[in-house]
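First to last, the sequence lines map onto chains A and L. Just remember that this note's numbering sits 202 ahead of the position in the first sequence, which is counted from 1. Just remember that this note's numbering sits 202 ahead of the position in the second sequence, which is counted from 1. From the three backbone atoms N, C-alpha and C, an ideal C-beta is built for every residue, glycine too. Each remark here refers to the structure printed beneath this line.
There are 2 protein chains.
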Amino acid sequence: MAKEVPNIAESEWEIMKILWENSPRTANEVVSALQGKADWKPKTIRTLLDRLMKKKVVGVNKEQRVYTFYPLYAEDECQRAEAKSFLKRIYGGTLKSMLVQFIEDDALSEKDMNEIRQMLDKKSK
Amino acid sequence: MAKEVPNIAESEWEIMKILWENSPRTANEVVSALQGKADWKPKTIRTLLDRLMKKKVVGVNKEQRVYTFYPLYAEDECQRAEAKSFLKRIYGGTLKSMLVQFIEDDALSEKDMNEIRQMLDKKSK
DNA sequence: CTATTTAGATTACATTTGTAATCGATATTA
DNA sequence: TAATATCGATTACAAATGTAATCTAAATAG
Numbered sequence: 203m204a205k206e207v208p209n210i211a212e213s214e215w216e217i218m219k220i221l222w223e224n225s226p227r228t229a230n231e232v233v234s235a236l237q238g239k240a241d242w243k244p245k246t247i248r249t250l251l252d253r254l255m256k257k258k259v260v261g262v263n264k265e266q267r268v269y270t271f272y273p274l275y276a277e278d279e280c281q282r283a284e285a286k287s288f289l290k291r292i293y294g295g296t297l298k299s300m301l302v303q304f305i306e307d308d309a310l311s312e313k314d315m316n317e318i319r320q321m322l323d324k325k326s327k
Numbered sequence: 203m204a205k206e207v208p209n210i211a212e213s214e215w216e217i218m219k220i221l222w223e224n225s226p227r228t229a230n231e232v233v234s235a236l237q238g239k240a241d242w243k244p245k246t247i248r249t250l251l252d253r254l255m256k257k258k259v260v261g262v263n264k265e266q267r268v269y270t271f272y273p274l275y276a277e278d279e280c281q282r283a284e285a286k287s288f289l290k291r292i293y294g295g296t297l298k299s300m301l302v303q304f305i306e307d308d309a310l311s312e313k314d315m316n317e318i319r320q321m322l323d324k325k326s327k
């Protein structure tokens, strides 16, 4: 498990989110699920699915005439990979510097902060 | 202030970090500062500076024969913009979900957690 | 003053990404 | 069965990105 996660482009992430929500799904089901979330032609969505297949981020079942697609990586695995490269690129690699900025900016509500405190405490002890 | 920050590509971020560290700088100074950090030919670095100029992320002073370059946006401004789009794309838009994952993964040291607690406390009260 | 180096301007070229349309085979409908 | 709708495969095409090289004018070294 856990081979290097391939790069997932921005629009491809939208597709992945749909598949993580529920899979396997046909291309048409993905199209429906994207109603209101993204404004792409069905052909575009199909292209994105094809690219994700080519990248081996999405698998396909060809048993039926109409293919079904499913993720080959867990969402949190991909999130971690993205987060890591994001933090490295933007914040010198540490979550803490990002967090410092958010806290200073008051980007967290009192409720958020309390929840975070609780999570920290639960973990620490 | 605070016009929409243009997109800054991954390799362009390396250049920006150098300029935020210290500016204005000539292209050659940027090249030197990148020694060991990136493995680009001087021409490549020059191209990246040109693109950043075209995007209006970097300004240039042409008074001297050898130009000097400087950032047109503050680092934290760009960080916030990137963070926002990153969180939206990957974690549904909230820092908290990202944090939850990191805490669960034990990606934060005890020391980190203590520092975060202190920051939170200072902010909260 | 001529040859060479250097800096900026212009051009190059493959890959990735965004956003589809067309083509061809099969299934479905009339 | 003939016309049509549908799905997958293939092709399209511009912008952004990664990664430079060439061209040209000016400065500097001999």
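Beta-carbon proximity list for D244(A), same chain, < 7 Å, skipping 5 on both sides: For clarity, residue 244(A) is Pro in the given sequence; the question names Asp instead. Within the same chain, P244(A) has close Cβ partners V233.
Sheet register partners of G261(A) (DSSP bridge): Y272(A)
CB contact check: R319(A) to chain L, cutoff 8 Å: yes
Helix, strand or coil at R282(L) [DSSP, three-state]: helix
CB-CB length for P208(L) against K286(L), believed under 8 Å: Their Cβ separation, rounded to whole angstroms, is 14 Å, which puts P208(L) and K286(L) out of contact at 8 Å.
Exposure of Q281(A), with buried meaning 16 or more beta-carbon neighbours within 10 Å: By the neighbour-count rule (16 or more Cβ atoms within 10 Å), Q281(A) is buried.
Nearest to E214(L) (by Cα), restricted to the options R253(L), A235(L), A229(L): R253(L)
Closer than 7 Å at the beta carbon, the chain L residues around D314(A): K298
Cross-chain neighbours of W215(L) in chain A, by beta carbon under 8 Å: R291, I292
Reduced DSSP category for R227(A) - H, G, I as helix; E, B as strand; rest coil: R227(A): strand per DSSP, three-state reduction.
8 Å Cβ cutoff met for L236(L) and Y272(L): no
Span of the alpha helix (DSSP H), counted from its first residue to its last, around R267(L): No alpha helix (DSSP H) holds R267(L); DSSP gives it neither H nor E.
Contacting residues, own chain, Cβ-Cβ under 8 Å from T228(A) (five flanking each side not counted): V268, Y269, T270, F271
Nearest to F304(A) (by Cα), restricted to the options E284(L), Q303(L), E223(L): Nearest C-alpha to F304(A): E284(L).
Alpha-carbon to alpha-carbon, R319(L) and D323(A): 9 Å
Interface residues of the stretch 225-251 of chain L facing chain A [CB-CB below 7 Å]: Of all residues in the stretch 225-251 of chain L, none has a Cβ within less than 7 Å of some Cβ in chain A.
Chain A within 8 Å of Q266(L), Cβ atoms only: Interface criterion not met: the Cβ of Q266(L) is under 8 Å from no Cβ in chain A.
Any chain L beta carbon closer than 8 Å to A211(A): no
Cut-off 8 Å between Cβ atoms - residues of its own chain near R248(L), not counting five sequence neighbours on either side: A229
Q320(L) - DSSP class collapsed to helix/strand/coil: helix
Any C-beta of chain A under 8 Å from that of L301(L): yes
Alpha-carbon spacing of K313(L) relative to L250(A), whole angstroms: 43 Å
Neighbour list for K257(A) in chain L, Cβ cutoff strictly below 7 Å: Correct list: empty, because the minimum Cβ distance to chain L is about 17 Å.
Spatial distance of A276(A) from Y293(L) (CA atoms): Looking at the two C-alpha atoms, the distance is approximately 14 Å.
Spatial distance of N224(A) from D241(L) (CA atoms): 42 Å
Simplified DSSP state of E206(L), which is helix, strand or coil: DSSP, read as helix, strand or coil, puts E206(L) in coil.
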